[in-house]
Amino acid sequence: MNVALRRGALVAAVLLVGGILTGCSAFSAAGDEEVPDSGPVAFYPKASSDLTDTATGTLTATADCVSVTAEDGSSVLPVFPVGQATWDGATLTTATQTVAAGGEIDLRGGYVDNGLIGPVTYVPAGCTYDRIFFVAAAKASASPSN
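Shown next as structure tokens:
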């Protein structure tokens, strides 16, 4: 395949993934914020609330990465909508829950197993993971709870 065709196929794949993640979405004001470029929490810029998979397990944290260790021992990297998660060094707070490192967490969203996370998604350099999980945006009326 020549270079132009490969480049065109790559652009189409990125646009397709971007369309899936943002196509039918309910945006919060947080969806318009800039994606950070540092810290241990992964983020993506546009939030979709239509993702229906779950990622459940133990919240695992290092100085470089916040992840979920699933029951089968695999490492899942949750990628949050910008503005919908904070990390204080010990506790992850989302629009729907507050969980300390080592605690059980249950997230709603969708797995991305093809490795295409997009050029504007922030993933901490120190993260190692088996799967990527895009966390769905919380409804605007949701508030944190324990």
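Read in order, the letters of the sequence shown are residues 1337 to 1482 in my numbering. All residues carry an ideal CB built from backbone N, CA and C; glycine is no exception. Remember, predicted model here, so these are calculated numbers, not experimental data.
Bridge partners - residue i, DSSP secondary structure assignment
i     : result
P1414 : F1469
S1403 : T1396
V1435 : L1428
T1422 : T1429
A1378 : V1415
Helix, strand or coil at residue i [DSSP, three-state]
i     : result
R1444 : strand
L1428 : strand
G1393 : strand
T1457 : coil
CB contact check: residue i to chain D, cutoff 8 Å
i     : result
L1387 : Absence of chain D from the displayed structure is noted, only one protein chain being present.
Beta-carbon gap between residue i and residue j smaller than 8 Å
i     : j     : result
V1404 : G1393 : yes
T1396 : R1444 : no
G1439 : T1398 : no
P1414 : A1436 : no
T1457 : Y1380 : yes
V1448 : V1418 : no
Review point. Counting Cβ pairs, one atom from each stretch, are 3 or more of them under 8 Å apart for the region 1420 to 1438 and the region 1457 to 1469?
Key: With the cut-off at 8 Å, the region 1420 to 1438 and the region 1457 to 1469 do not touch.
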